[in-house]
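Here's the structure we're looking at; comments come further down.
Protein chains: 2
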Amino acid sequence: MPVNLRIPGPTPCPDEVLEAGAQPMINHRGPEFRDMIFRVTKRLQELFVTKNDLFVLTASGTGAMEAAIVNTLSPGDKVLAVSIGEFGERFIQIAKVYGVNVQVVTAPPGKAIDPQDIRKALRADPEIKAVIVTHNETSTGVTNDIAGISRVVKGEFDKLLLVDAISSIGSIPCSVDAWDLDVVTSGSQKGWMAPPGLAFISMSKRAWQAQAQSKIPRFYFDLAAAKRYLERGQTPWTPAVSVLYSLDASLEMLANEGLENVFNRHAQVAQACRNGIKKLGLKLFADEAVASNTVTAVHTPPGVDGAKLLALLESEYSVVLAGGQGSLSGKLFRVGHLGYCSLADIQGVMDALALALPRVGFTPAGVGGRSR
Amino acid sequence: MPVNLRIPGPTPCPDEVLEAGAQPMINHRGPEFRDMIFRVTKRLQELFVTKNDLFVLTASGTGAMEAAIVNTLSPGDKVLAVSIGEFGERFIQIAKVYGVNVQVVTAPPGKAIDPQDIRKALRADPEIKAVIVTHNETSTGVTNDIAGISRVVKGEFDKLLLVDAISSIGSIPCSVDAWDLDVVTSGSQKGWMAPPGLAFISMSKRAWQAQAQSKIPRFYFDLAAAKRYLERGQTPWTPAVSVLYSLDASLEMLANEGLENVFNRHAQVAQACRNGIKKLGLKLFADEAVASNTVTAVHTPPGVDGAKLLALLESEYSVVLAGGQGSLSGKLFRVGHLGYCSLADIQGVMDALALALPRVGFTPAGVGGRSR
Numbered sequence: 001m002p003v004n005l006r007i008p009g010p011t012p013c014p015d016e017v018l019e020a021g022a023q024p025m026i027n028h029r030g031p032e033f034r035d036m037i038f039r040v041t042k043r044l045q046e047l048f049v050t051k052n053d054l055f056v057l058t059a060s061g062t063g064a065m066e067a068a069i070v071n072t073l074s075p076g077d078k079v080l081a082v083s084i085g086e087f088g089e090r091f092i093q094i095a096k097v098y099g100v101n102v103q104v105v106t107a108p109p110g111k112a113i114d115p116q117d118i119r120k121a122l123r124a125d126p127e128i129k130a131v132i133v134t135h136n137e138t139s140t141g142v143t144n145d146i147a148g149i150s151r152v153v154k155g156e157f158d159k160l161l162l163v164d165a166i167s168s169i170g171s172i173p174c175s176v177d178a179w180d181l182d183v184v185t186s187g188s189q190k191g192w193m194a195p196p197g198l199a200f201i202s203m204s205k206r207a208w209q210a211q212a213q214s215k216i217p218r219f220y221f222d223l224a225a226a227k228r229y230l231e232r233g234q235t236p237w238t239p240a241v242s243v244l245y246s247l248d249a250s251l252e253m254l255a256n257e258g259l260e261n262v263f264n265r266h267a268q269v270a271q272a273c274r275n276g277i278k279k280l281g282l283k284l285f286a287d288e289a290v291a292s293n294t295v296t297a298v299h300t301p302p303g304v305d306g307a308k309l310l311a312l313l314e315s316e317y318s319v320v321l322a323g324g325q326g327s328l329s330g331k332l333f334r335v336g337h338l339g340y341c342s343l344a345d346i347q348g349v350m351d352a353l354a355l356a357l358p359r360v361g362f363t364p365a366g367v368g369g370r371s372r
Numbered sequence: 001m002p003v004n005l006r007i008p009g010p011t012p013c014p015d016e017v018l019e020a021g022a023q024p025m026i027n028h029r030g031p032e033f034r035d036m037i038f039r040v041t042k043r044l045q046e047l048f049v050t051k052n053d054l055f056v057l058t059a060s061g062t063g064a065m066e067a068a069i070v071n072t073l074s075p076g077d078k079v080l081a082v083s084i085g086e087f088g089e090r091f092i093q094i095a096k097v098y099g100v101n102v103q104v105v106t107a108p109p110g111k112a113i114d115p116q117d118i119r120k121a122l123r124a125d126p127e128i129k130a131v132i133v134t135h136n137e138t139s140t141g142v143t144n145d146i147a148g149i150s151r152v153v154k155g156e157f158d159k160l161l162l163v164d165a166i167s168s169i170g171s172i173p174c175s176v177d178a179w180d181l182d183v184v185t186s187g188s189q190k191g192w193m194a195p196p197g198l199a200f201i202s203m204s205k206r207a208w209q210a211q212a213q214s215k216i217p218r219f220y221f222d223l224a225a226a227k228r229y230l231e232r233g234q235t236p237w238t239p240a241v242s243v244l245y246s247l248d249a250s251l252e253m254l255a256n257e258g259l260e261n262v263f264n265r266h267a268q269v270a271q272a273c274r275n276g277i278k279k280l281g282l283k284l285f286a287d288e289a290v291a292s293n294t295v296t297a298v299h300t301p302p303g304v305d306g307a308k309l310l311a312l313l314e315s316e317y318s319v320v321l322a323g324g325q326g327s328l329s330g331k332l333f334r335v336g337h338l339g340y341c342s343l344a345d346i347q348g349v350m351d352a353l354a355l356a357l358p359r360v361g362f363t364p365a366g367v368g369g370r371s372r
């Protein structure tokens with residue numbers, strides 16, 4: 001049985017993308033590489049809907065989050081962090097490690113941030129220089145309203161806005177220029193349908209101004225070096241060439257599908273997932289009004305051992321789901337539906353859950369638990 | 001004509017290695033990944049000839065160099081840097097960026113460091129805490145005598161010893177434990193016959209003691225996090241899974257070949273390369289007594305445009321060589337012969353040079369320029 005890998009990254013890659021990754025190595029300082037990095041960068045800019053500089057880093061998404069912090073802030077800077085889960089906490093942790101003075105606004109688990117809370121915090125402390133925020137909180141399956149947040153952060157207060165869009169951009173609407181987002185990050189193993197190993201980061205003019213003044217030391221993640229090298233079609237350090245081959249292929253597929261169609265597909269499979277989960281008698285973790293179209297978090301049913309459920313799904317039904325992270329470990333499980341995902345993939349998850357749940361002590365609703 | 005990629009990384013990958021990289025994605029927090037990361041780590045430890053902790057980072061080799069610095073030093077620490085070329089300079093640059101107080105010893109271009117110079121420098125300043133050194137200087141094709149350097153640095157002075165072994169270890173002898181090397185770095189695209197995207201770093205007990213006291217901020221490259229996660233068969237951040245697949249396959253090939261055989265093969269192809277270059281009437285850049293067995297640097301012949309020569313070799317003979325870096329740009333070219341390289345590959349380079357050189361204004365020695 002082919003494995004139905006439904007975690008929020010690494011996501012499954014189309015065969016063409018995997019095959020593209022197996023091409024022979026080339027000189028990363030030569031003309032073929034130059035053509036590829038220019039093409040990939042341009043396509044990523046189109047999918048970020050931005051004319052800002054954009055860089056491909058050899059790192060996981062966390063590396064791009066670190067790049068966002070170390071390139072724009074200085075020790076002692078006051079920053080407002082919007083955290084609604086594990087990845088919000090990670091952004092805070094990175095900022096604190098580098099000496100940034102972090103104030104935090106949060107929302108209850110499963111809820112998005114209310115932009116009004118950001119407004120209050122920014123009013124209360126005019127010294128706050130920047131806002132760091134997670135667009136799509138992968139740990140709870142909640143999408144923050146970045147457009148609304150930007151209207152406050154940029155429109156009312158004109159602060160620097162750094163966005164972790166790792167599990168959102170390219171899959172759900174995130175218009176970097178229209179929303180005036182200064183720094184935006186993502187990673188190849190998310191909606192981009194490519195293997196992990198590359199991270200992306202876009203930098204606005206305002207972000208470059210901050211970069212020129214930033215005093216956090218940086219070397220590997222120095223975006224000024226990335227900019228210098230990209231001008232001649234290179235990266236400062238040897239890049240993950242085979243992952244770039246794959247990304248080059250997957251970006252072409254996304255471009256052919258068209259961004260609106262990609263968004264619609266994600267909205268459809270996400271809705272099918274939420275419907276299916278509810279039909280099984282399971283409870284969604286996230287408030288449906290802000291539920292993510294890339295990952296769905298589900299309460300582990302009372303009395304069920306979450307780890308046992310996931311192990312059973314994998315070993316007997318070839319369905320791989322993700323557990324809860326940090327304090328949510330065991331309390332929820334997560335279905336990834338970003339990138340290469342169809343309605344049939346989601347139906348497969350529901351079918352497997354319908355069969356597996358009774359074996360771990362939960363009787364799903366409906367006959368056979370079919371989700372539609 | 002198949003391309004003969006003879007740059008010092010990315011190096012060509014065997015077909016099996018490229019194909020392995022095209023396997024479907026898996027959960028990086030699941031049992032298959034755990035088995036793979038344990039297997040890869042164990043094999044790397046065998047090839048590093050060490051029982052020290054060893055970590056696989058998603059980054060290029062420069063990322064591992066940064067990890068070496070930020071995990072063991074503190075701002076203001078006095079460090080002796082041994083620099084004999086571009087990569088020695090890079091190590092210095094990283095240390096300086098993070099506030100380390102760097103003293104430098106050098107050797108003339110094409111020469112290795114004399115351990116006596118290190119002895120003098122360490123005697124002159126007892127406050128020096130650590131020595132950072134490049135094992136194999138890829139920019140000039142010179143191999144430093146790390147065993148001899150360690151006898152001074154560790155044997156006589158008992159300092160921390162950080163080694164950039166990116167283009168040496170796994171290809172030429174570098175015995176981490178026997179030579180008492182505290183931190184040793186490498187990268188997947190060098191002798192390991194895998195695509196770029198992963199870096200390796202080993203940490204001795206002494207290095208961990210330094211880590212506990214180090215005050216340089218770090219997050220993405222924090223090796224304490226890497227250690228915590230590796231204990232359960234994971235990496236802290238999503239790793240470059242497809243590159244790991246490839247590395248898993250290439251390490252098996254290296255293990256089957258046997259480390260001594262790998263070293264002998266590198267010594268043979270390197271000697272063939274140096275002989276071939278001399279037979280063509282070209283001049284080796286490095287002192288032959290310390291010439292590298294992984295990369296050979298060659299003086300651009302007088303009157304020849306180095307860039308034109310490399311472009312001609314690539315476009316008409318499908319041989320890809322590297323130019324000089326930094327201040328050596330145009331003054332030399334380099335033949336990589338690390339990793340997946342045979343005598344036939346080297347002969348192919350010599351044949352192409354024999355045909356190309358007359359077309360850029362240099363008449364090679366010997367009839368037709370055959371190198372043997």
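Each protein sequence line maps, in turn, to chains A and B. For the record, in the first sequence the residue sitting at position 67 is 67 according to my numbering, with numbers rising by one throughout. For the record, in the second sequence the residue sitting at position 45 is 45 according to my numbering, with numbers rising by one throughout. We treat Cβ as the ideally placed atom computed from N, Cα and C, and that holds for glycine.
TODO: Can you give me the start and stop residues for the beta strand (DSSP E) that Ser186/A sits inside?
DONE: Val183 to Gly187
### Query
Going by the beta-carbon positions, is the gap between Glu137/A and Gly170/A smaller than 8 Å?
no
(request) Go to Lys78/A, then tell me how far its beta strand (DSSP E) extends in each direction, as first and last residue. (result) Lys78 to Ser83
Reference Ala311/B, options Thr41/B, Ala356/B and Asp180/B, closest by Cα = Ala356/B
Using a Cβ-Cβ cutoff of less than 8 Å, which residues in the same chain neighbour Gln211/A once the five nearest sequence positions on both sides are dropped?
Asn71, Thr72, Met203, Leu223 and Ala224
* Does the distance from the CB of Gly233/B to the CB of Thr238/A come in under 8 Å? -> no
Does the Cβ-Cβ distance between Asp114/B and Ala121/B come in under 8 Å? no
- Query: Can you name, in chain order, every residue of its own chain whose Cβ lies under 7 Å from the Cβ of Val17/A, other than the five neighbours on each side?
  - Reply: Met193, Ala194, Ser246, Ala249 and Ser250
* Meets three-Cβ-pair contact criterion under 8 Å: the stretch 38 to 46 of chain A and the stretch 274 to 289 of chain A -> no
Counting C-beta neighbours from all protein chains within 10 Å, is the total for Pro364/A 16 or more, i.e. buried, or is it exposed? buried
| field | Neighbour list for Trp192/B in chain A, Cβ cutoff strictly below 7 Å | value | Per Cβ cutoff of 7 Å: no residues; Trp192/B is ~12 Å from chain A at best.
Same chain, Cβ closer than 7 Å to Val49/A, neighbours up to 5 away in sequence not counted
Ser175, Val176, Asp177 and Ala178
Proximity winner among Phe38/B, Gly9/B and Asp15/B, relative to Tyr229/B (alpha-carbon distances):
Phe38/B
*Within chain A, partners of Tyr220/B - CB distance below 7 Å*: Ala59, Thr62, Gly63 and Glu66
| My guess is that Ala68/A and Val153/A are in contact by the Cβ rule of under 8 Å, so how many angstroms apart are they, rounded? | Their Cβ separation, rounded to whole angstroms, is 15 Å, which puts Ala68/A and Val153/A out of contact at 8 Å.
Given that Thr11/B touches chain A, what residues does it touch there, using C-beta distances under 9 Å? Met25
Any idea which residues DSSP pairs Ser202/A with across the strands?
Leu54/A and Val184/A
Query raised in the report: Which two residues bound the contiguous alpha helix (DSSP H) that contains Asn101/B?
Result: Not the alpha helix (DSSP H): Asn101/B falls in the beta strand (DSSP E), residues Asn101 to Thr106.
Worksheet item: Asn144/A by DSSP, collapsed to three states: which one?
Response: coil
Output the distance between the C-alpha atoms of Arg274/A and Leu284/A, rounded to the nearest integer angstrom. 7 Å
Contact residues within the stretch 92 to 108 of chain A, judged by C-beta distance below 8 Å to chain B:
Gln93, Ile94, Val97, Tyr98 and Gly99
Note to self: If the cut-off is 8 Å on Cβ atoms, which residues from the stretch 136 to 153 of chain B count as contacting chain A, listed in chain order?
What the structure shows: none
| Cα-Cα separation, Met253/B to Val3/B | 22 Å
Just the chain B side, please: which residues come within less than 8 Å of His28/A by C-beta, in chain order? Pro10 and Pro196
Exercise for the section: Pick out whichever of Glu19/A, Ala270/A and Phe362/A has its Cα sitting closest to the Cα of Thr300/A. Expected result: Phe362/A
**Asked** Does the stretch 151 to 165 of chain B come within contact of the stretch 10 to 24 of chain B, defined as at least 3 CB pairs closer than 8 Å?
**Response** no
Can you tell me whether DSSP reads Ala130/A as helix, strand or coil? strand
- Work out the CA separation of Gly30/B and Gly21/B for me, nearest whole Å. 18 Å
Decide if Met1/A is buried, meaning its Cβ has at least 16 other Cβ atoms within 10 Å, or exposed. exposed
- Task: Using beta-carbon positions only, say whether Val104/A and Asp117/A come within less than 8 Å of one another.
- Result: no
_Which residues of the stretch 229 to 253 of chain A have a Cβ closer than 8 Å to any Cβ of chain B? Give them in chain order._
Pro236, Trp237, Thr238, Pro239, Ala240, Val241, Ser242, Val243 and Ser246
Determine whether the Cβ of Glu260/A lies closer than 8 Å to any Cβ atom of chain B.
no
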